[in-house]
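Numbering (full-length UniProt numbering), first residue to last: 1 to 105. Glycine included, C-beta positions come from ideal geometry on N, C-alpha and C. Since we're looking at a predicted model, the values are computed, not measured.
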Amino acid sequence: MSKAILEKEEEIERLERELESARDEDSASEALHKEKERYENELAQLRKKLEEKEDDLRDYMDDQKRLESEVAELKKRNESSKQDAIVADQKKKILQLEDELAKRK
Numbered sequence: 001m002s003k004a005i006l007e008k009e010e011e012i013e014r015l016e017r018e019l020e021s022a023r024d025e026d027s028a029s030e031a032l033h034k035e036k037e038r039y040e041n042e043l044a045q046l047r048k049k050l051e052e053k054e055d056d057l058r059d060y061m062d063d064q065k066r067l068e069s070e071v072a073e074l075k076k077r078n079e080s081s082k083q084d085a086i087v088a089d090q091k092k093k094i095l096q097l098e099d100e101l102a103k104r105k
C-alpha cells in the first residue's frame with residue numbers, strides 16, 4: 001500500500017510541476033501578448049503622426065505653389081507697370097517735342 005501511496009504522491013508532484021510550468025507559460029504568453037499590444041499601439045500612434053506630417057507637407061507644398069504663382073503674377077504686373085511708365089514717359093517726351101516744334105514754326 002505504501003508503494004501505491006508513493007506512486008500517487010509522485011504523480012501528484014509531477015502534475016503540480018506540470019501545472020506550475022503551464023502557469024509560467026501562460027504568464028509568459030500573457031506578457032508577450034501585452035507587449036505585442038503595446039507595440040501595436042505605438043505603431044498606430046506613429047502612423048497617425050506620419051499621416052499628420054504628410055498632411056502638413058502637402059499643405060506646405062500647396063502654399064509654396066500658390067506663393068510661387070503669386071510671385072510670377074506680381075512680376076508680370078511689375079513688368080507691365082514698367083512698360084506703362086516707359087510709354088507714358090515717351091508720350092510726354094513726344095508732346096514736349098511737338099510743343100517745341102509748334103513754337104519753332
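Judged by DSSP in its simplified three-state form, Lys36 adopts helix.
When rounded, the separation of the alpha-carbon atoms in Glu7 and Asn41 is 50 Å. Cα atoms of Lys76 and Val87: separation of roughly 16 Å, rounded to the nearest angstrom.
Judged by DSSP in its simplified three-state form, Met61 adopts helix.
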